[in-house]
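Just below is one structure, and these are the notes that go with it.
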Amino acid sequence: MVRFTLSLLWLSLPARHALRSLEDAIALRAELVQGKNVVIVGGGFIGCEVAATAVKLGCNVTVVHNAAHPMLRPLGSGLAEQMQLRHEAMGVTFKLKRTVTDLIGTDHVEGVRLDDESTLDCDVLIEAIGSHANVEWLSGNDIDRNDGVLVDSAMRVMTRDGHAVPNVFAIGDVARFANPIFDLEARRVEHWNIPTETAKRAASVIASYLNKSDSYPAILDEPFKPVPSFWSDQYENHLLAFGLLSLADKATLVAGDISGDCVFEYSRGDQLVGVCGIGMRSVVQSYRAKFI
Ligand SMILES: Cc1cc2nc3c(=O)[nH]c(=O)nc-3n(C[C@H](O)[C@H](O)[C@H](O)COP(=O)(O)OP(=O)(O)OC[C@H]3O[C@@H](n4cnc5c(N)ncnc54)[C@H](O)[C@@H]3O)c2cc1C
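Per the working numbering, the sequence shown starts with residue 10, numbered consecutively.
Structure below.
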């Protein structure tokens with residue numbers, strides 16, 4: 010995966026951070042010192058998790074996010090607004106429906122300018138604005154690499170005209186596959202359990218082929234229906250989810266209290282597409298069976 014960074018000048022200006030690798034985390038940790046002005050661009054899960062860590066370390070933290078609430082797309086407005094309130098109660102400031110248009114400073118970042126022309130003091134800038142699949146090196150053939158790599162239910166890489174490329178498999182964040190739990194649209198899912206599930210599926214297909222198993226054709230045709238899952242820890246708030254919450258057109262509080270531990274069901278029309286809770290793990294986990 011390739012991390013996105015802001016397309017601004019001074020790419021190498023010190024104190025600009027993104028977070029994907031252990032080295033990134035170690036470099037960032039060294040700068041999260043009490044009293045530092047930390048600006049985080051992007052209020053998704055990574056931006057919010059870093060905000061929680063930085064504010065606990067005594068930094069002055071501002072999150073610049075281009076939507077009405079942090080984590081709005083994955084969580085929906087009810088939980089997203091609630092998580093915003095919990096961050097604000099811990100001291101995080103949000104600049105919502107805003108983005109950064111320029112950096113201020115000569116040999117290091119001193120501030121950022123927002124699209125409303127206001128400025129923020131900034132000692133440490135963290136760019137948490139997403140990533141894209143690193144598939145450019147696959148150019149020069151007819152693999153369907155429109156957002157990651159298209160695979161069939163056996164994790165075999167597909168060409169643009171719908172044929173499986175012999176002996177080539179893709180798994181994890183880069184694999185775009187249809188999940189019949191939800192519908193037939195192929196999507197990439199950047200959750201921790203997908204690399205494991207897709208690897209297991211590819212391994213069973215490959216093993217069946219190598220063992221010249223009679224069941225190989227049937228294994229190829231088996232539907233692949235992993236239940237996506239993610240978690241996120243922000244302060245004492247432990248979020249756990251199953252399904253694809255972003256497909257929902259409605260989120261309904263089904264257990265607990267919105268200001269405490271709670272569980273939301275996410276549905277698209279009549280179809281349950283996800284569940285997410287703050288705390289109440291056993292309730293959330295009980296939903297997993299509903300997707301299998
Ligand atoms: C900071 C951070 C926090 C996260 N937190 C959570 C979380 O709390 N919960 C959750 O569900 N998910 C989380 N995720 C997402 C989760 O980590 C990913 O879904 C998961 O790591 C994807 O695994 P992967 O093996 O597909 O890809 P990666 O872990 O990205 O591994 C891909 C590997 O391939 C290598 N590579 C890339 N291109 C090539 C190439 N051309 N040739 C050879 N090797 C190559 C890369 O260097 C890398 O080592 C987080 C991600 C990040 C960055």
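Where is the CB? At the ideal position from N, CA and C, for every residue including glycine.
Please read all numbers here as calculations on a predicted model, not as lab measurements.
What span of residues does the beta strand (DSSP E) with serine 238 cover, start to end? On the sequence shown, residue 238 is found 229 positions in, with the first residue counted as 1. Run containing serine 238: 238-243, per the beta strand (DSSP E) assignment.
Does the pairing of the region 191-207 with the region 215-224 give three or more beta-carbon distances under 8 Å? no
Judging by CA-CA distance, which residue of His78, Ala34, Phe300 is the nearest neighbour of serine 238? Within the sequence shown, numbered from 1, the residue matching residue 238 stands at position 229. Here the closest residue by C-alpha is Phe300.
Helix, strand or coil for lysine 234 per DSSP? Along the sequence shown, one-based indexing puts residue 234 at 225. If DSSP states are grouped into helix, strand and coil, lysine 234 belongs with coil.
Residues near phenylalanine 186 by beta carbon distance below 6 Å, same chain, minus five either side: Here the question's residue 186 lines up with position 177 in the sequence shown. The residues are Val160, Ala195.
So if DSSP puts glutamine 280 in a beta bridge, which residue, or which two residues, is it bridged to? By 1-based counting over the sequence shown, the position of residue 280 is 271. Arg277, per the DSSP bridge assignment.
Leucine 256 lies in the alpha helix (DSSP H); which residues open and close that run? Against the sequence shown, residue 256 aligns to sequence position 247. No alpha helix (DSSP H) contains leucine 256, which DSSP labels as neither H nor E.
Heavy atom of ligand 1 within 7 Å of proline 232 beta-carbon: Counting from one through the sequence shown, the residue named residue 232 turns up at place 223. Answer for proline 232: no, Cβ out of range of ligand 1.
Please report the distance separating the alpha-carbon of valine 118 from that of asparagine 143. Here residue 118 corresponds to residue number 109 of the sequence shown, with the count starting at 1. Here residue 143 corresponds to residue number 134 of the sequence shown, with the count starting at 1. Cα to Cα, the separation comes out at about 28 Å.
What's the call for proline 79, buried or exposed, on a 16-neighbour Cβ count within 10 Å? In the sequence shown, residue 79 corresponds to position 70, counting from 1. Its Cβ being crowded by 16 or more others within 10 Å, proline 79 is buried.
What separation, rounded to the nearest whole angstrom, lies between the Cα atoms of serine 148 and valine 64? By one-based count along the sequence shown, residue 148 stands at place 139. By one-based count along the sequence shown, residue 64 stands at place 55. When rounded, the distance between both Cα atoms is 43 Å.
Straight-line gap, valine 166 to glutamate 97 (C-alpha atoms, nearest Å): What you label residue 166 is simply residue 157 of the sequence shown in a count that begins at 1. What you label residue 97 is simply residue 88 of the sequence shown in a count that begins at 1. Their backbone Cα atoms lie some 45 Å apart in a straight line.
Taking its Cβ as the centre, do 16 or more other Cβ atoms sit within 10 Å of glutamine 93, making it buried, or is it exposed? By one-based count along the sequence shown, residue 93 stands at place 84. When all chains shown are included, glutamine 93 counts as buried.
Heavy atom of ligand 1 less than 7 Å from the Cβ of glutamate 199, yes or no? As a first step, residue 199 is located in the sequence shown; it is residue number 190 there, counting from the start. Yes; taking the cut-off as 7 Å, the Cβ of glutamate 199 has a heavy atom of ligand 1 nearer than that.
Return the chain-ordered list of same chain residues with a C-beta closer than 6 Å to the C-beta of threonine 108, the five sequence neighbours on each side being excluded. In the sequence shown, counting from the first residue as 1, residue 108 sits at position 99. Once the five neighbours on either side are set aside, the close Cβ partners of threonine 108 are Asn75, Asp124.
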